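Below is one structure; the comments refer to it alone.
Residue numbers (my numbering): 13 to 228.
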């Protein structure tokens, strides 16, 4: 029996849509829904004071975590490359015991009604290079967080894959992550679809886990 999908509990909800459906007989990941991934991340330290002063933002009095219902997420290729060593007339292959640099990750997300989630991401990107002065952390120029230390502007981004009951089944944890690009907004008044966009981020370490504590 087909059921209307349950939208994940979000601090900045998007309009409810019933255009998709799924069945208990389907594979858990083979469902016709866009938002089967949930992205949760702590707001970087340098960003918190400025977001809390914006009265328009959801939960602006205690904004420490951002939650996005994303409908597109590319898990990077995970490698431990081989090394080759020739001996006699043959080639032996052994592990390099190392990981190459991970590629940039791009996710698709739905912009909320007030553009709050979009503005948070933009402010985060703008802190790295101010739109007016072209410097790092311009609002606190000369302060203790103006040194450009990665621990100040990066965070841990957790992407959860959800089953048909919106329960997490696996977590991709991107450590020391920070945004590097924001996609365009292609809005149209000819249809009733929500505004959608993308943002890209880079990171240093990826941890994949199925034993985790899920707090949304």
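Idealized CB from N, CA, C, for every residue including glycine. Treat the numbers as computed from the prediction; the structure is a model and nothing was measured.
- Here the alpha carbons of residue 52 and residue 174 stand approximately 13 Å from one another.
- For residue 196, the secondary structure class from DSSP, reduced to helix, strand or coil, is coil.
- Pairing residue 79 with residue 220, the inter-Cα distance amounts to about 19 Å.
- Beta bridge pairing from DSSP links residue 180 with 174.
- The region 134–146 and the region 186–195 touch, with no fewer than 3 CB-CB distances between them shorter than 8 Å.
- For residue 129, there is no enclosing beta strand (DSSP E); the residue is part of the alpha helix (DSSP H) that begins and ends at 128–140.
- Annotation: the continuous alpha helix (DSSP H) that includes residue 165 extends over 162–165.
- Membership of residue 212 in the beta strand (DSSP E) is indicated by the continuous run 208–214.
- With contacts defined as CB atoms closer than 8 Å, residue 218 and residue 88 qualify as a contacting pair.
- Residue 94 places its beta carbon less than 8 Å from that of residue 107.
- Here the C-alpha atom of residue 178 lies approximately 56 Å from the C-alpha atom of residue 100.
- Per DSSP, residue 114 lies in no beta strand (DSSP E) and is assigned neither H nor E.
- Collapsing the DSSP output to three states places residue 88 in coil.
- Counting every other CB atom within 10 Å of its CB across the protein chains shown gives residue 198 a total below 16, marking it as exposed.
- The straight-line gap separating the alpha-carbon atoms of residue 145 and residue 153 is approximately 10 Å.
- Annotated three-state conformation of residue 50 is strand, per DSSP.
- For residue 159, the secondary structure class from DSSP, reduced to helix, strand or coil, is coil.
- Under DSSP, residue 104 takes part in a beta bridge, and its partners are 97.
- Non-local beta-carbon contacts of residue 84 in its own chain, meaning distances under 7 Å to residues more than five positions away in sequence, involve 119, 120 in chain order.
- Straight across, the Cα-Cα distance linking residue 122 with residue 81 is about 7 Å.
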